[in-house]
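A.B. asks: Below you'll find the structure I mean.
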Amino acid sequence: MDMNFLVTTFQQILAVLPTTLALFALCVPIGAVLAMLILWMRMSANPILSGLAKTYIFFFRGTPLLIQMFLIFYGLAQFMFFHLPPMWWVLASRFWTAVMCLAFCTAAYSAEIFRGGLLAVPAKEIEAARAIGMSGFKLLRRIIAPNALRQALPAYSTEVVLMLKSTSLAGLIGVVEMTGVAQAVGRRTLHEVATLALTGIIYLTVGFLAILALGWVERLLSPHLRFMPPSAQTPRTIVG
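Going by our numbering, the first residue of the sequence shown is number 116, and it counts up by one from there.
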């Protein structure tokens, strides 16, 4: 193994980086929109809607993403009902099936993260807003949503980075992405460790950039933390 091999392999893996980024860029916003819908159902007073949301969350959080991909891509195609448009337009494409599988999975986790942020909004702030005549959409926009987003963002940032890494599973249903290409090159050249290490470096770089972007958003939503040292941002632990 020489430098020539490493450079050539790196270029081969980098050539399919746009596919990985496309999977990531599509599944996260689609998953966020689905999560909002599931959150609304989960918080609904209607027991049927709430029960459906709980079942959805239980299934997608309780089963491996790989099994979900196999069940959706190979399993649903066995039923003629799913051969009808627009469902078949998705299932006929390995790429779009992977996007939807990733979105369905992250929606379950994100819905619970958003619910935690929503429940963490201080009740006194809501009561104070109502006392000055704020209600409905204005209350949601000015008080509830900003507070809930600030509370949920640290955990949601972790989920976003996790979805970037989860795109590597798309290769198992035939999507040509970085991990799949790295494994193919590694098996062909018998240098699997080197090719996977190069892939890991690319994931690490993209993940680092995503973390920086999410950290910037977190500081944007929390102006009071912008100029504080890290030690002042962390609550002191009370010890006996």
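For every residue, glycine included, the Cβ atom is placed at its ideal position computed from N, Cα and C.
This one's a predicted model, so the numbers in the text were calculated from it and none came from an experiment.
Applying the 10 Å Cβ sphere with the 16-neighbour rule, what's the burial state of residue 177?
C.D. replies: exposed
A.B. asks: When you compare the CB positions of residue 263 and residue 146, do they come within less than 8 angstroms of one another, or not?
C.D. replies: no
A.B. asks: Scan the stretch 159-212 and note each continuous alpha helix (DSSP H) run of 4 residues or more that stays entirely inside, going in chain order.
C.D. replies: 162-177, 180-185, 202-206
A.B. asks: What is the rounded straight-line gap between the Cα of residue 125 and the Cα of residue 265?
C.D. replies: 38 angstroms
A.B. asks: Residue 278 and residue 143 - do their beta-carbons sit closer together than 8 angstroms?
C.D. replies: yes
A.B. asks: Measure from the alpha carbon of residue 231 to the alpha carbon of each residue in 268, 242, 173, 135, then state which is nearest.
C.D. replies: 268
A.B. asks: Closest to residue 289 by C-alpha separation, out of 188, 172, 133, 148, would be which residue?
C.D. replies: 188
A.B. asks: Quick check on the DSSP output: the alpha helix (DSSP H) that includes residue 272 runs from which residue to which?
C.D. replies: 260-281
A.B. asks: Using the Cβ count rule (16 or more neighbours within 10 Å means buried), how would you classify residue 248?
C.D. replies: Exposed, since its Cβ has fewer than 16 Cβ neighbours within 10 Å.
A.B. asks: Mind checking whether residue 192 and residue 206 have CB atoms under 8 angstroms apart?
C.D. replies: yes
A.B. asks: To the nearest angstrom, report how far apart residue 203 and residue 184 are at their CA atoms.
C.D. replies: 15 angstroms
A.B. asks: What does a CB cutoff of less than 7 angstroms around residue 135 pick up in its chain, not counting 5 residues either side in sequence?
C.D. replies: 282, 292, 293
A.B. asks: Rounding to the nearest angstrom, what Cα-Cα distance links residue 377 and residue 154 in this structure?
C.D. replies: Residue 377 is absent from the structure shown; the chain starts at 116 and stops at 355.
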